[in-house]
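> Reminder that position 264 of the sequence shown reads as 261 in the working numbering, one-by-one numbering, no gaps.
The beta-carbon is built from N, C-alpha and C at its ideal position, and this holds for glycine as well.
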Amino acid sequence: MVVIQDVQNLMLRALFFNYYIFLCSFTYCKTTGNKYKGDQECSIISSFQFQVHSETQGFHFLHFQVMDERPETELISIPATPRVSTPEIQTPSGQRSPRPAGQKSSTAWTPTSFISPRFLSPIGTPMKKVLINMKGYLEEVGHLTKLNPQDAWLPITESRNGNAHYAAFHNLNAGVGFQALVLPVAFAFLGWSWGILSLTIAYCWQLYTLWILVQLHEAVPGKRYNRYVELAEAAFGERLGVWLALFPTVYLSAGTATALILIGGETMKLFFQIVCGPLCSSNPLTTVEWYLVFTSLCIVLSQLPNLNSIAGLSLVGAITAITYSTMVWVLSVSQQRPPIISYEPLSMPSSSAALFSVMNALGIVAFAFRGHNLVLEIQATMPSTFKNPAHVPMWRGAKVAYFFIAMCLFPVAIGGFWAYGNLMPSGGILNALYAFHSHSIPRGLLALTFLLVVFNCLSSFQIYSMPAFDNFEAGYTSRTNRPCSIWVRSGFRVFYGFVSFFIGVALPFLSSLAGLLGGLTLPVTFAYPCFMWVLIKRPPKYSFNWYFNWILGWLGVAFSLAFSIGGIWSIVNNGLKLKFFKPN
């Protein structure tokens, strides 16, 4: 009987020894940074993946499972083995035998599983070191990652050393822009009460959907959704998710880049006119030439390789956005108001026209909040472990960013409407400042305001173009199975910049379609995140959370349709002048 038990113990030792040699030979762990404080990556280099299936009575049962290589990243958690004291020695009959009187209790850690050194002796000493080192690493890192090599080649996921400061810079740069300058136009149609109420509701609504996106980035254990389209595919299905999210996100990236070229070029022209004054030459640059100058500057700055590398530009964009927003409303409020100013909503010839004008004004308020199509991309630049998930620094930075966004949007809307009332031109508060006070405001202050707008447009172009750069390089790397060289990457970005310039010059009437296209992109911010939360998190049916998100989602869809109809009405009412290659 004793001989048979010794043979069984020997077989168990050999089995588990081979098992761990196999495990160690197929596992490769790479750690960058100082003592696991950088980007930890641990990948399993084979078609095998090990999983912890259960933990029963203190034992870990590990199984190998042959799996197909999947391109997406997976995070597989391994629970920490509990530390317990060394058990008492048992006799073959199963009765406990007391320790010798002079023997001290061992303070060394002994795993309570069949793979402990107690069963592996006399080879227990080296294997015990392997187990302890592996356990310490897994407890520190918290996960094993099966990496998709392509992610290390793409601009969004190439660098994962972001932090809460980077998140604040990127969110603030993406969240404040030229759309905020037209908020007083919406107040001219809505009046004081409805204007402030709609702006407050829209701010709280988009802040809630931002929180949803931050939480859904790692909603499924073992998976990070690094792009908005990826999350849409996971929630709505691959085909429907692409149909619903691809066009809005592409328009919000490429369309915003084109609009930034037009606004930046026109602002540079105004800046030059203010600085030069009457000393300007008789043959100044045309508007198209200013567009080309601005596009060239954007292309030069776009050579920065990835999203984390433009954190400095995002900081510049955030500072300039806060500064020029504050200067615009302070200069407007400090000047004398026009004598015929009125705060009554603009009257319309018919009730239908009044309704559509209100819809258009609500659309302006909704479009002032942007950047949700970049939230997951920004969060993808951060390292993430189960001990330190990425959503913690991301939400911390987002809260700071959106506090400053509120400090920019509300004063611009309220102060601009107080200064100009319903005399506000359709171009926004910047045009009103130039039209009403260009002679009373010192030329240096006015020029500084326009220069800050130019800097903000240059930095915003980079972050809004990054998803397009990522798509270009993803197509190239998937075809060639190698990263883009410097020349290929530069070629993509030069091509993208000049295509945006060409569209802005060739199709100047696209600004007339902004209401229609903006209505189609509204669900990205206000509707889709609520649906994604219900479909991925699956709250209890008919609970408050379930009702709340469904109602918000369908309200966002309804507003999207209403704003799109308002955009069509605006086109029909004002006419659409198809002027090709004739920008204003």
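#1: In three-state terms, what does DSSP make of Tyr321?
#2: On the premise that Ala410 lies in contact with Leu180, defined as a C-beta separation below 8 Å, what is that separation, rounded to the nearest angstrom?
#3: Within 10 angstroms of the Cβ of Pro464, are there 16 or more other Cβ atoms? Answer buried if so, exposed if not.
#4: My output table needs one value for Phe433: the three-state DSSP class, helix, strand or coil.
#5: Could you tell me whether the Cβ atoms of Ile271 and Ala444 are closer together than 8 Å?
#6: Report yes if the CB atom of Leu249 is closer than 8 Å to the CB atom of Asn370, and no otherwise.
#7: Leaving out five residues before and five after Phe528 in sequence, what residues of the same chain have Cβ atoms less than 7 Å from its Cβ?
#8: Would you call the CB atoms of Leu359 and Gln459 closer than 8 Å?
#9: Using the Cβ count rule (16 or more neighbours within 10 Å means buried), how would you classify Gln333?
#10: Is it right to say Ile153 is buried, meaning 16 or more other beta carbons lie within 10 angstroms of its own, or is it exposed?
#11: With DSSP collapsed to three states, give me the class of Cys481.
#12: Judging by CA-CA distance, which residue of Asn170, Ala183, Ser561 is the nearest neighbour of Val362?
#13: Which same chain residues end up closer than 7 Å to Phe498 when comparing Cβ atoms and leaving out the 5 residues on each side of it in sequence?
#14: When the Cα of Thr317 is compared with those of Leu178, Trp530, Arg535, Phe452, which residue comes out closest?
#15: Express the C-alpha separation of Ala165 and Ala398 in angstroms, rounding to a whole number.
#16: Over the uninterrupted alpha helix (DSSP H) stretch that includes Ile375, give me the two end residues.
#17: Please classify Gly174 as buried or exposed, where buried requires at least 16 other C-beta atoms within 10 Å of its C-beta.
#18: Considering only the beta carbon of each residue, do Thr320 and Leu448 sit closer than 8 Å?
#19: Note down the Cα distance separating Leu169 from Pro336, rounded to an integer number of angstroms.
#20: Give a yes or no on whether the C-beta atoms belonging to Ser456 and Gly564 are separated by under 8 Å.
#21: Which residue wins for smallest C-alpha separation from Glu341, given the options Ile260, Arg367, Trp415, Ala395?
#22: Could you say which of Pro439, Ser482, Glu374, Thr477 lies nearest to Leu207 if we only look at CA atoms?
#23: In chain order, what residues of the same chain have a beta carbon less than 6 Å from the beta carbon of Gly501, not counting five sequence neighbours either side?
#24: Look at the Cβ atom of Gly261, then the Cβ atom of Cys454, and state whether they are nearer than 8 Å.
With the structure as the only source:
#1: For this step, residue 321 is matched to residue 324 along the sequence shown. If DSSP states are grouped into helix, strand and coil, Tyr321 belongs with the helices.
#2: For the purposes of this step, residue 180 is identified with residue 183 of the sequence shown, where counting begins at 1. For the purposes of this step, residue 410 is identified with residue 413 of the sequence shown, where counting begins at 1. Rounded, the Cβ-Cβ distance is 4 Å, consistent with contact.
#3: Walking along the sequence shown from the start, residue 464 turns up at place 467. Buried, since its Cβ has 16 or more Cβ neighbours within 10 Å.
#4: On the sequence shown, residue 433 is found 436 positions in, with the first residue counted as 1. Helix at Phe433.
#5: Numbered from 1 along the sequence shown, position 274 holds the residue referred to as residue 271. Numbered from 1 along the sequence shown, position 447 holds the residue referred to as residue 444. Yes. Within cutoff.
#6: By 1-based counting over the sequence shown, the position of residue 249 is 252. By 1-based counting over the sequence shown, the position of residue 370 is 373. Yes. Within cutoff.
#7: Against the sequence shown, residue 528 aligns to sequence position 531. Within the same chain, Phe528 has close Cβ partners Ala232, Gly550.
#8: Sequence index remark: in the sequence shown, residue 359 carries index 362 (1-based). Sequence index remark: in the sequence shown, residue 459 carries index 462 (1-based). No.
#9: Translated into the one-based positions of the sequence shown, residue 333 becomes position 336. By the neighbour-count rule (16 or more Cβ atoms within 10 Å), Gln333 is not buried but exposed.
#10: Working through the sequence shown from its first residue, we reach residue 153 at position 156. So Ile153 ends up on the buried side.
#11: Numbered from 1 along the sequence shown, position 484 holds the residue referred to as residue 481. Note: Cys481 maps to coil in three-state DSSP.
#12: Taking the sequence shown and counting its residues from 1, the one referred to as residue 362 is at position 365. Measuring from the Cα of Val362, the nearest candidate turns out to be Ala183.
#13: Walking along the sequence shown from the start, residue 498 turns up at place 501. Same-chain partners within the cutoff: Ile258, Tyr288, Leu289, Thr292.
#14: The residue you call residue 317 lines up with position 320 of the sequence shown. The shortest C-alpha separation from Thr317 is found at Phe452.
#15: By one-based count along the sequence shown, residue 398 stands at place 401. By one-based count along the sequence shown, residue 165 stands at place 168. The alpha-carbon atoms of Ala398 and Ala165 are separated by roughly 5 Å.
#16: Walking along the sequence shown from the start, residue 375 turns up at place 378. Here the alpha helix (DSSP H) through Ile375 covers 372 to 376.
#17: As a position in the sequence shown, residue 174 is number 177, starting the count at 1. It counts as buried.
#18: Translated into positions along the sequence shown, residue 320 becomes position 323. Translated into positions along the sequence shown, residue 448 becomes position 451. No, the pair does not count as a contact, with Cβ atoms beyond the cut-off.
#19: Position 172 of the sequence shown, counting from 1, holds the residue named residue 169. Position 339 of the sequence shown, counting from 1, holds the residue named residue 336. Cα to Cα, Leu169 sits roughly 37 Å from Pro336.
#20: As a working note, residue 456 is residue 459 in the sequence shown. As a working note, residue 564 is residue 567 in the sequence shown. No, these two residues do not count as a Cβ contact at 8 Å.
#21: Here residue 341 is taken as the residue at index 344 of the sequence shown, counted from 1. Of the listed residues, the one whose Cα sits closest to Glu341 is Trp415.
#22: Reading the sequence shown from its first residue, position 210 is the one you call residue 207. Residue Glu374 is the option with its Cα nearest to Leu207.
#23: Counting from one through the sequence shown, the residue named residue 501 turns up at place 504. Excluding positions up to five away in sequence, the list reads Thr255, Ile258, Leu259.
#24: Sequence index remark: in the sequence shown, residue 261 carries index 264 (1-based). Sequence index remark: in the sequence shown, residue 454 carries index 457 (1-based). Their beta carbons are under 8 Å apart, which means Gly261 touches Cys454 by this criterion.
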